[in-house]
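Which chain is which? The protein sequence lines are L, G, P and X, in order.
At position 190 of the first sequence (counting the first as 1) the number is 190 in my numbering, and the numbers step up by one without a gap.
Converting from the second sequence to my numbering requires adding 1000 to each position, the first position being numbered 1.
Converting from the third sequence to my numbering requires adding 2000 to each position, the first position being numbered 1.
Converting from the fourth sequence to my numbering requires adding 3000 to each position, the first position being numbered 1.
Backbone N, C-alpha and C fix where the C-beta goes; we use that ideal spot for every residue, glycine too.
Protein chains: 4
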Amino acid sequence: MDPKTVSGEPRGRVIVDPWQRRIREVFADDDLARLHAVARVTWGRDEPMPLEDVSTALRDATAIVTAGWRYGPLPTRTDRLRAIIDVGGGFPPQLDYGECFRRGIRVLTAAPAFGPQVAEMALGLALAAAREIVRGDRAMRTGEERWQHEGNSTSFLLSEKPVGLVGFGSIARSLVPLLAPFRCPISAFDPWLSPGFLRSQGVVASTLEDVLATSRVVFVLAAPSSENRALLSRAMLELLQPDAVLVLVSRAHVIDFDAMTELVLAGRFRVAVDVFPVEPLPIDHPIRRADGAILSAHRAGSVAEGLWQLGQMVVDDLEAIVATLPPQRLQVATPELIARLSGDSTNGSSRPIDDTAAGPKDG
Amino acid sequence: MDPKTVSGEPRGRVIVDPWQRRIREVFADDDLARLHAVARVTWGRDEPMPLEDVSTALRDATAIVTAGWRYGPLPTRTDRLRAIIDVGGGFPPQLDYGECFRRGIRVLTAAPAFGPQVAEMALGLALAAAREIVRGDRAMRTGEERWQHEGNSTSFLLSEKPVGLVGFGSIARSLVPLLAPFRCPISAFDPWLSPGFLRSQGVVASTLEDVLATSRVVFVLAAPSSENRALLSRAMLELLQPDAVLVLVSRAHVIDFDAMTELVLAGRFRVAVDVFPVEPLPIDHPIRRADGAILSAHRAGSVAEGLWQLGQMVVDDLEAIVATLPPQRLQVATPELIARLSGDSTNGSSRPIDDTAAGPKDG
Amino acid sequence: MDPKTVSGEPRGRVIVDPWQRRIREVFADDDLARLHAVARVTWGRDEPMPLEDVSTALRDATAIVTAGWRYGPLPTRTDRLRAIIDVGGGFPPQLDYGECFRRGIRVLTAAPAFGPQVAEMALGLALAAAREIVRGDRAMRTGEERWQHEGNSTSFLLSEKPVGLVGFGSIARSLVPLLAPFRCPISAFDPWLSPGFLRSQGVVASTLEDVLATSRVVFVLAAPSSENRALLSRAMLELLQPDAVLVLVSRAHVIDFDAMTELVLAGRFRVAVDVFPVEPLPIDHPIRRADGAILSAHRAGSVAEGLWQLGQMVVDDLEAIVATLPPQRLQVATPELIARLSGDSTNGSSRPIDDTAAGPKDG
Amino acid sequence: MDPKTVSGEPRGRVIVDPWQRRIREVFADDDLARLHAVARVTWGRDEPMPLEDVSTALRDATAIVTAGWRYGPLPTRTDRLRAIIDVGGGFPPQLDYGECFRRGIRVLTAAPAFGPQVAEMALGLALAAAREIVRGDRAMRTGEERWQHEGNSTSFLLSEKPVGLVGFGSIARSLVPLLAPFRCPISAFDPWLSPGFLRSQGVVASTLEDVLATSRVVFVLAAPSSENRALLSRAMLELLQPDAVLVLVSRAHVIDFDAMTELVLAGRFRVAVDVFPVEPLPIDHPIRRADGAILSAHRAGSVAEGLWQLGQMVVDDLEAIVATLPPQRLQVATPELIARLSGDSTNGSSRPIDDTAAGPKDG
C-alpha cells in the first residue's frame, strides 16, 4: 500500500481546492503530511483555485478534493479522474452525476466525518435535557434552585429508557455505540434503509409514528431531502409522550419548527435544538424564551479538532484510490441517493447529507 | 434460593425502618413484593419505629434496614442478627462497629446504588462543560450567541481525551463503562486501593498531581474521610491545565472550594459542580456568577427512579442473607474502611461513602 | 419501506434460480416469507431454470438471485434490472462486468454471509491449537496423556497474545469482535485496503513479513486472487515464531502447502487447516499424519443454519432494491476488485471472494 | 500507596511458603520484584519452611502466603497477622476458621486467578464440541472424513444459542465476557447466589432442571461442596437436549460420571471433559472410547503463564494489606461459605473453591 514503494514518488495527482474551508481546518499536520506522501498535490491553498487552472488540471488528476462544485460541466477529457471528493458536508447539487456515473468517476462526500462529533453533542444534549442540567444551572444563577430530590421532580435517567432515531445515517451510527452502555432499547425510522439492515445494526425498524409515541428520547438525525420537509409535522409531534425529550441536530428542514416551538412553550415536551429555520435566529424568536428548550447555535458539527476527521478520511481513501483500490471510508454517491436528495441549500452550496435519510414513510 | 421452598413461608424476619427515607422512595413495587416474599417484615412504615420496639425486635431479627443508626448500643442479645443495612448513603457513625465485628454482624451500605445515577450525571456534566452546552444556551437567551465554529473556539471533544478520576469507588465503577466508547485513557488516584487492583479495572494508578496535571477532564468522586479534607488544595488545583474541566459530584469536603471559585472566576479552568460547602448555597456566593461554571443543586444522586436501586440491591442481598449466604451487592464495612472514614456529617446522619476513598496521597 | 403500502402487492419481480444451492438451503422459513412479500418471485425452484426462460424473464426483472452466471451475455434489453445477486460465494467470473457497470446493474455477492460462521470456526481452531485440545484428546484415547501442567508444556493462552490477520475481509470483520474480550493486539496485512481504513477498524496495518514474524496466532483469511498464489511461500512461513499457530480457513491457493506441510512435520510451528489444495485430500497426504496439525474437511463455512445468513442478507437488500434504494448488506462489485480477482475456480463456478483480498505486498 | 514513601523500606513482613508450588510457578519476574518492594519476605523458597520457624515468624508477620495449611493451630500470639493467603486453589480445610474470624485475620484464596485460563479452555472446548473440531480431525487421520456440509450434519453454531451455567463463581465471571460477542442468552444455576445478584451480572437465575433442559451448551463450573455431590444425577442428565453439549471443567465430584459416560456412549448428548473421578483415569475407562466426548487430562487450569495470575493477585492485595487497606482481588472466606464447603480432598490439601458454589437446589 505504500504508494512510493515502486517509483520512490507519489503515484497520484490530486487537486486540493477546498475554498469554502481552509486547508488547515480540514487537515491536521500528520494527515497533511500523509496527503503529500500519497499524491502530488495541485493547488492546496486556502484561496479558490482559478477556474481555468482547475479545468486544465482535471485532465491529469486522479482526484479532486473540493467543497461544493463551482467548476461547471466536466471537461471533455478526464481520463485519469477517479474521484470527486467533497469536504463541504454533502453532495454538491451543481454536479452532473449522470455524467460522473457514465465516466466511472466516483463522487464521494466526507460528510460521515461529522458523525462522531455530532453524536457526542447529541448525547450531551440528551443528558442535559433528561437530567435538566441547563435548567438547573439557570435556577442556580437566579437563586431559584430547588435542592436534591425537590429539584429532580421532572428529571429522569437516560439509562434503559426507550430511544428513537429519526434517520439512521452516519450520526446515528456514531451515536449507537455511545448509547450502548446505557442499555436503551433503540427503534429507528429511516425509509431509505431496509428493516433487515437496521436489524443488523442492532436497532428495530419502526414507523415514524411508533418512534415518536414510544420513545422517551427522540434524536432527529435525518438530513433534508426532497421527501422530508416538515416530516415532523404538528400532528406527529403531538404523538410525543408528555415527558419526552426531542433532540434536533440535523436540520430544521425536517420539522415544523413553529409547531414545535408552540408545543414546547406549552410545556408539552422538552427539546434540545442545534439547528434553526433561519440562522442566525431572529432575536425575538419565541423559542429563545422557552424554559423547556436547550438551545445551541449550530455548534454540534463544527469543533475544530473534529473537522480534522474530514481530512483523515479523505487521505485514508486517497491512499486506496491512488493504489487503484476502492475507497472504504467516505460515502459514495449512488444514483438512488442522488435522486432522492433535496434542492435545499439554506446551509451552503452542498446538499447536506451528513446524515442520511428520512423521507415520507412510504419511502 | 426460593426462601419459601421448604416451609411455604419466608424464613427471615427483617426490621424495615428507613425513617429518613420513605418506604416507597426506597422500594419500587416489585422489589417491595420481593421483600415481603423473602422475609417477614417488621414495621415497614415511613414513620420512625419506636425505639423500644426496635430493641425488642432486634432479638429475633435476621436483619435491619435503616438509614443511620438512632438506636443506641446493640441489645445484649442479637442471636439471629446477621446484617445491619443502611439505605441513607453511607456507614452510620453512631454504630459500634467493633461490637458488630465481634458478633459477626455485617454492616452493609446501599451506597453503591447511587453509582449509576451519579455516573450518568457526571458524564452529562462533563459533556455539557466540554461542548459548552450550558454557556451556549445562556448566550442564546441573551442574543449574544456566536454561530457554528465561532461559538466553539473553547469547546472540545471528550472523545479520546485523557480523563482523571479522584477516587475509584462505586461512582467511578459505574462511570468507566459509560466512558468506554469515548476511548479516553483513564488514570485514577485512590490511596485506598492498590495499583494492581486499579490496573485490573482498566485504569492506570497515578498520583493526585499527575491526575490533575495530565487530564483534560477530572472527575472528583472521592467520599469525605478524615484524611481528605481539602485534598484538592489551591496548589493542587493550580496544576490543572488551562483548558481542563473539573467535575465535582461527591462532596465539597474534598476541595478548597474558595480557591476553586477564585480560579474559575479568573478563567483558569472550567468546572461543573453538584455539591457545595453549605447547602443551600448562600445566594451571594460568587460561584453563582462564574461563567466558567455549571452549577447543579446537589441533584446527581436523587432522581426518584434511581433511588429504587437502593431497594433492589437490599432485597437482592436479603435473599442471600436469609438463605445463610454471603451478600454480594451491598458494600460491606471492613475494619480498615471504618477506621479511615471521617466524622463529616454535613450531609446527614450517615457517613457518606457513596463513593470511596481518597485520603492524603501518602495514604 | 413496506413494499405493499401503496398498492397492496409486491412491487418488484425477482428471478430466484440458485441451481447450485437449494432454495431451503439459502432461505430460512421466515426469510422465504419475506422474499415473497417483497417481490413477485419468478421460478424459485431447486432445479436450474431453463435458459430461454431466464432470458425472457430478465427483460422484466428487477433482480436475479443465482449462484454463478450460466446465462451467457446479458439480453439486449434489461430495462428494469438493477441487481445480479450471487449466493454461490463470490463474483461469477463468466459475467461481463463492464457491461453491467455501463447499464448501472449492480453485481452483488452474498459472500459476507459466510463471515460469522467461518470466524467462529477460526476462533475454535485457534483455541484448539493454542490449548492443544485435539492433541490432548488423541493422547487420552491411546493412554499416552500427561496430566495437568505436564500436559501443558507447549500450550499457551490466547489472551493478550499478538494476533495477525492475512486478509481483512468479511471473515476478519466477523472475527475481530470475537477476539475483543481476549485483548489481543491485532495486526493485519491486506494490500487491497488502505492503512487508514485498517486503523479505523481497530487493527494495525502491517507488512506480511511483520504479521508473520510477530504474531503468536496468524489467521489466513485472504481469498484467492490473481495476485496472491502461494503468497505464504516457504520463505514467508519460515518467519513464523517456533511456537506460533497458523490457522488457514480461506483457500489453500494462498499458501505453499507443501512447504507448510514439511515445516509442520518438522515441528517448526503448529497449524489448523480447513482448506486443501485438492479436495478430497489424497488419503496418503503427509499432513494427515502431522501431530502438530488440526485438520478439518472444509467445514468452516458450511453449517446449514449459517447458510441461512445468505438468504437473510439477500432479502434485506431486496427490500432496499425494490424500494429504489441502494443495498447495504451484500458486497458490491467494484471495477477495482473485479480487475484484481483471480481466475481460480477450483471451488466452483464463482470466484470466491468470501474473504477479501491479499495480493502481493506491493499491492 | 507506595509502601516505601515514608520510611524508604517495605512496611510489612510476609511469610512466603508455597511448598506445594514453586516460587517461580506462582510469581512472574515483575510480580516477584513487586513482592519484595512491598514487604520484607520471610523464607520465600521452594522447599517447605521448617514448622518451628513458621511458628516463630507468625508472631511478627503481617501475612502468610501458603498452599494449604500444614502448620497446626495458630500460635497464641499473632498480633500483626492480618491475612492468610492460599495459592493452592481453595480454602485450606485444616485451618481453624472460627479462630481466624475471631482474631480478625482474613483468610484469602487466589483461586479466582484460575478463572481466566479455565474460561478460555471452556470456550475452546465448547467450540470444539459444537463445530466437531476434534471428531473432524480424528476422521481426517483415518480417511473417513466427510467434506463440507456433509461433514457438518451434527455441527452447530455457538452464536445466539442458549447457554447454561451450573455454578456462577470466578470461572463463570471470566467466561461471560468471552461469550458476549456470541450473543447467547445465558441462564445460571447457583444456589449460593441470589437471583438478584445473578441478574445484575447479566444472566438469568434458573433452576438446575431448566438450565439443563433449555440450554444448547451447558458449562459445569461448580466447585465441590458438601451439598453438591453428584448434583448432576442420571435423572438430571436425561433432561439435556439430544443435541446438547456439556462442558465439564470444575470437578467430577458434581456429576454422576458413570451415568454421564453411559449416556454419551449411547449418543444421547455430547461432552467435553477436563476432570475425572480418578486421576489419572484408568486406561480402560469406557469414556476413553466415546466418539461423542472430547477428553482433556485436567489441563484447563494449569498453563504456566496463567498460574502467574496467582502471584499478580497476591501482590496486588498485599499492596493493600500492608497499607492497612482491605484486599480487593482475592476471594475472602466468609463464615457462610466455609460452612458449606465440602471435605472433598481428592485434588490436594486445599478445598477447591476455584469456582463457586452449586449446592442442592434448595440451597
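| Item | Value |
| --- | --- |
| Residues sharing a beta bridge with X:Q3331, DSSP | X:T3109 |
| Under 8 Å from the C-beta of G:W1147: neighbouring residues of chain L | E279, P280, A297, H298 and R299 |
| Element boundaries [alpha helix (DSSP H), containing X:G3196] | P3195 to S3200 |
| Stretch pair the stretch 1303–1314 of chain G + the stretch 1126–1144 of chain G: three plus CB contacts closer than 8 Å | no |
| Rounded straight-line distance, which links the Cα of G:V1203 to that of X:A3061 | 31 Å |
| Backbone secondary structure at P:I2338 - three-state DSSP | helix |
| Those runs of the alpha helix (DSSP H) which lie wholly inside the stretch 3087–3144 of chain X and span at least 4 residues | 3097–3103, 3115–3130 and 3133–3142 |
| Residues bridged to P:A2017 [DSSP beta-bridge criterion] | One detail in the question is off: residue 2017 of chain P reads as Asp in this sequence, not Ala. Bridge partners of P:D2017: P:T2066. |
| Reduced DSSP category for P:T2076 - H, G, I as helix; E, B as strand; rest coil | coil |
| Simplified DSSP assignment, three categories, for L:T42 | strand |
| DSSP beta-bridge partners of G:G1164 | G:S1187 and G:V1218 |
| CA nearest to the CA of X:L3248, picked from X:L3125, X:L3178, X:L3281 and X:E3238 | X:L3125 |
| Nearest-angstrom beta carbon gap, P:D2031 and P:Q2312 [assumed within contact, 8 Å] | 5 Å |
| Chain-order list of residues whose beta-carbon lies under 7 Å from that of L:E99 (same chain, five-residue window excluded) | L74 |
| Contact check, G:I1255 vs G:A1235, beta carbons under 8 Å | no |
| With 16 other Cβ atoms within 10 Å as the buried cut-off, status of X:A3033 | exposed |
| Distance, P:I2085 Cα to P:A2333 Cα | 10 Å |
| Cβ-based neighbour list, L:P162, same chain, cut-off 6 Å, excluding 5 preceding and 5 following | P185, T214, S215 and R216 |
| Residues that P:Q2312 contacts on chain L, provided the C-beta gap is smaller than 8 Å | G196 |
| Beta strand (DSSP E) segment containing X:A3272, residue limits | R3270 to V3273 |
| Nearest-angstrom Cα separation, counted from P:T2042 out to P:P2018 | 12 Å |
| P:E2227 at chain L interface by Cβ criterion, 8 Å | no |
| Secondary structure of P:L2295, DSSP reduced to three states | strand |
| 8 Å Cβ cutoff, L:D166 in contact with chain P | It is worth fixing the name first, because residue 166 of chain L is Val in this sequence and not Asp. Not closer than 8 Å to any Cβ of chain P, the Cβ of L:V166 fails to qualify, so no. |
| Cβ pair count under 8 Å reaching 3, the stretch 1168–1185 of chain G against the stretch 1149–1156 of chain G | no |
| Start-to-end residues for the beta strand (DSSP E) that takes in X:V3315 | No beta strand (DSSP E) holds X:V3315; the alpha helix (DSSP H) holding it covers A3304 to V3322. |
| Cα-Cα separation between G:E1227 and G:R1135, rounded to whole angstroms | 35 Å |
| Amino acids of chain L, ordered along the chain, whose beta-carbon sits closer than 8 Å to that of G:P1112 | Going along chain L, no residue has its Cβ under 8 Å from G:P1112, so there is no contact; the nearest lies around 15 Å. |
| Cβ-Cβ separation, P:S2206 to P:A2188 (assumed contact under 8 Å), whole Å | 6 Å |
| Simplified DSSP state of L:L239, which is helix, strand or coil | coil |
| Straight-line Cα distance separating L:W192 from L:K361 | Legend: pLDDT at L:K361 = 24, less than 50; position of this residue unreliable, no value from coordinates given. |
| Span of the alpha helix (DSSP H), counted from its first residue to its last, around P:V2249 | First-last for P:V2249: undefined, no H or E at that position. |
| Range of the contiguous alpha helix (DSSP H) that encloses P:L2157 | Run containing P:L2157: none; DSSP gives neither H nor E here. |
| C-alpha distance - X:R3082 paired with X:G3012, whole-angstrom precision | 11 Å |
| Nearest-angstrom Cα separation, counted from X:D3053 out to G:V1016 | 52 Å |
| Three or more C-beta pairs below 8 Å linking the stretch 253–272 of chain L and the stretch 280–292 of chain L | yes |
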